[in-house]
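Inspection log for the structure reproduced underneath, given as C-alpha cells.
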Amino acid sequence: MFRNMRRFKQELSHEECVRILKEQPRGVLSLIGDDGYPYGVPIDYWYSEDDNKLYFHGAGEGHKMDAVKKCDKTSFCVYDGGYRKDGEWALNINSVIVFGRMKVVDDRDKILEICTNICLKFTDDKEYIEQEISRSGSRVCCLELVVEHMTGKLVKES
C-alpha cells in the first residue's frame, strides 16, 4: 500500500524518526482540500510515543476541519534545521513523513492533555499554560492522526 523508499541508503531508523517528531515544534499537515486540491498547513503538534499518534489543535471550523470531514487520509511532514559538514556549503536535513487517518478528539480530558503537551514544546511556564487553557480550552478542537506508515530520510542538498 505504501511505497518503499527509493533512496534507501538515506533512510532513517524508526528511533531517529521518533526523535525528530518529539524534538521539532511544527510541521506541515497535508489534506485533500476544496475541489480536490492539496491543502498544506503549517501547524504545531504533539507526538505521543505512548500511543504512536500525532495530535493537533485549532479552531473547530475552517478549511482544515472541512477537509478532515471530507477525507480522513492525511500526511504530515517534519524536518529539522539541518547541519553542514566542515568545508561543505550544503545542508544535510533529516525529514519525517507520516501517513495516516485523522479523527476529531471528543474526550475533554484528552483535549486538555493534548493542549498542555503542545504548549510544553514552547514553554515550561505552567502558570501561563493553565491561563491559556482556561481562556480558550473550551473552544479548542483537537485532531488525532493515527499513524499507518512513517518514513524518515536524510536529505543531502548537494
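In our numbering, the protein residues as written are 19 to 176. All C-beta atoms, glycine included, are put in the ideal place defined by N, C-alpha and C.
Exclusion of the five residues before and after residue 155 leaves 129, 130 and 133 as the residues of its chain whose Cβ lies within less than 8 Å of its Cβ. Within the same chain, Cβ atoms closer than 6 Å to the Cβ of residue 121 are found at 162, the five residues on either side in sequence being excluded.
The residue among 151, 91, 110 and 103 with its C-alpha nearest the C-alpha of residue 48 is 91. A distance below 8 Å separates the beta carbons of residue 75 and residue 136. For residue 41, the enclosing alpha helix (DSSP H) begins and ends at 32 to 41.
Along the segment 34 to 121, the beta strand (DSSP E) occurs as fully enclosed runs of 3 or more residues at 44 to 50, 56 to 62, 64 to 66, 71 to 76 and 91 to 97, listed in sequence order. In the pairwise beta carbon analysis, the segment 90 to 109 is classified as not touching the segment 26 to 33: fewer than three pairs are separated by under 8 Å.
Annotation for residue 139: no alpha helix (DSSP H) segment contains it, and DSSP assigns it neither H nor E.
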